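So the sequence shown is residues 1 to 108, counted in the UniProt record's numbering.
A virtual CB, placed ideally from N, CA and C, is assigned to each residue, including glycine.
Since this is a predicted model, take the numbers as computed values, not measurements.
Everything on this sheet refers to the single structure shown next.
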Amino acid sequence: MKKLFFKNEVKYLPLEEKPLPSLVQCLVLDAIGSAVILIPVLGELIWAPISAFLFWRMFGFRKGFFGGVFSFIEELIPGLDFIPTFTIMWVIQYARRKKSILSISPVR
Numbered sequence: 001m002k003k004l005f006f007k008n009e010v011k012y013l014p015l016e017e018k019p020l021p022s023l024v025q026c027l028v029l030d031a032i033g034s035a036v037i038l039i040p041v042l043g044e045l046i047w048a049p050i051s052a053f054l055f056w057r058m059f060g061f062r063k064g065f066f067g068g069v070f071s072f073i074e075e076l077i078p079g080l081d082f083i084p085t086f087t088i089m090w091v092i093q094y095a096r097r098k099k100s101i102l103s104i105s106p107v108r
């Protein structure tokens with residue numbers, strides 16, 4: 001929430017949130033990440049940076065950056081491809097969704 005001060009009143013305006021990515025899109029990207037195991041080394045080397053970039057673009061700056069780093073490491077290390085990184089982040093984002101609030105109250 002951002003506070004705006006005007007003569008004797010405080011306005012709370014919601015900061016616009018990045019729209020939530022599609023659950024189907026997250027499931028498809030996790031399926032691709034799991035299928036990369038079919039191309040042992042090359043698939044992981046190619047998919048890891050793509051996965052990190054897509055994660056960053058889909059989930060915004062801060063969450064996307066840290067999630068993208070985690071996704072990159074998770075996809076790069078053999079044997080960890082089964083973790084549904086995109087879907088887990090979608091569930092976290094969905095659970096934290098809040099309705100927009102506009103509150104105006106006088107300051108005394």
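{"Check": "Taking the C-alpha atoms as reference points, what is the distance between residue 96 and residue 33?", "Outcome": "25 Å"}
{"Check": "Decide yes or no for the touch test of the stretch 34-53 against the stretch 79-98: beta carbon pairs closer than 8 Å, at least 3 of them.", "Outcome": "yes"}
{"Check": "With respect to the alpha helix (DSSP H) encompassing residue 42, which residues constitute its N-terminal and C-terminal limits?", "Outcome": "40-59"}
{"Check": "Alpha carbon to alpha carbon, how far is residue 57 from residue 77? Give it in angstroms, no decimals.", "Outcome": "22 Å"}
{"Check": "Which of the three DSSP states, helix, strand or coil, is assigned to residue 77?", "Outcome": "coil"}
{"Check": "For residue 65, which of helix, strand or coil comes out of DSSP?", "Outcome": "helix"}
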